[in-house]
Each structure stands twice: as C-alpha cells, then as structure tokens.
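Structure first, commentary second.
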Amino acid sequence: MTKIEEPSFFDKVYQVAKLIPYGRVTSYGAIAKYLGAARSARMVGWAMNGSHQQDVPAHRVVNRAGVLSGKHHFGQENLMKDLLVSEGVKVEGDQITNLKEVYWDPNEQLL
DNA sequence: CCTTTGACTTTAT
DNA sequence: TATAAAGCCAAAG
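So the mapping is simple: the numbering used here equals the position in the first sequence, first residue as 1, plus 56.
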C-alpha cells in the first residue's frame with residue numbers, strides 16, 4: 057500500500073485557510089502564527105502551492121500589506137482580484153483598500 | 001545530507 | 001518617510 061502523503065504544516069494551513077469566512081481575508085503571518093510558527097509566513101505561502109488539489113480558498117490569503125502577492129499562482133492575474141471583489145472585498149490593482157474591514161485573524165476569531 | 005527556494009515579515013540605513 | 005537588506009523556517013531538489 058502506498059502512502060499518499062504525510063501532511064503536517066501544509067495540512068494545518070489548508071484547514072485554517074478553509075475556515076476563512078466569505079468576504080474575509082487574512083495574512084500568511086497570521087495563519088503561520090496560529091500554527092505556532094509565527095516566523096514561517098513564507099511556509100504558508102509555499103503550502104499554498106499544493107492548495108490547488110485542496111478546497112482551499114487561497115484567494116482569501118494575502119500578505120500583511122493586503123497586497124495580492126500570490127495572484128500569479130492562480131493561473132490568471134485578474135482571477136484572484138475578481139474573486140475577492142466578487143466577495144465584497146475592495147481591491148485596487150493588487151492592493152486591498154478596505155483591508156481593515158475584511159481582515160480576518162484566526163488568532164482572534166478562532167481563539 | 002546539504003543547498004536552494006519561497007504566494008513573508010521585520011528591522012536597519 | 002522610503003528603500004534596502006537580513007531573518008526566518010520548513011519542504012523540495
């Protein structure tokens with residue numbers, strides 16, 4: 057029998073990302089901190105590389121500045137922006153304007 | 001086993 | 001205040 061994978065950090069990232077409510081966004085660092093690795097924000101983004109096979113709304117995950125840093129990984133550049141705008145998030149170019157309104161911190165909401 | 005990377009964050013100049 | 005560089009940690013090569 058073949059062992060499919062051995063999820064650990066990646067799996068946690070997926071789980072938290074799935075918990076992001078509709079019309080809300082969060083930062084990589086926030087998720088990383090929730091996982092116990094506050095300084096592993098980059099790992100969260102890396103985990104998202106495999107999020108395509110998961111039901112992870114990666115489009116709701118942005119960097120701390122509210123910039124769609126990973127929009128290039130969605131296949132299309134306007135895809136991520138379109139998804140966020142479609143959920144009520146105000147996005148100008150690659151920057152979320154109402155970040156404070158849509159920001160969702162797992163450390164506070166799930167705690 | 002060692003090196004490089006990577007969708008970030010924070011600090012220093 | 002803006003720009004530049006270092007730090008961080010874990011996985012893939």
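Even for Gly, the Cβ is constructed at its ideal location relative to N, Cα and C. This structure is a prediction, so every number in the text was calculated from the model and none was measured.
Inter-residue Cα distance where the pair is residue i and residue j
i      : j      : result
Lys137 : His108 : 17 Å
Tyr70  : Asn134 : 23 Å
Asn154 : Val147 : 8 Å
Val118 : Ser83  : 5 Å
Arg80  : Glu164 : 14 Å
Residue i, enclosing alpha helix (DSSP H) - first and last residue
i      : result
Tyr70  : 65-74
Pro162 : 162-165
Glu133 : 133-142
Met104 : Premise fails: Met104 is in no alpha helix (DSSP H) and is neither H nor E.
Ala86  : 84-90
Leu124 : That residue, Leu124, is in no alpha helix (DSSP H); it is neither H nor E in DSSP.
Proximity test, residue i beta-carbon vs the ligand SAH heavy atom, cut-off 7 Å
i      : result
Val123 : Within the structure as shown, the ligand SAH is missing, as the structure has no ligands at all.
Neighbour-count burial assignment, residue i, 16 or more Cβ in a 10 Å radius
i      : result
Ala121 : exposed
Gly172 : Nothing about residue 172 can be reported from this structure: the residues present for the chain run from 57 to 167 only.
Ala94  : exposed
His128 : exposed
Ser96  : buried
Bridge partners - residue i, DSSP secondary structure assignment
i      : result
Val145 : Beta-bridge pairing links Val145 to no other residue.
Tyr159 : Val81
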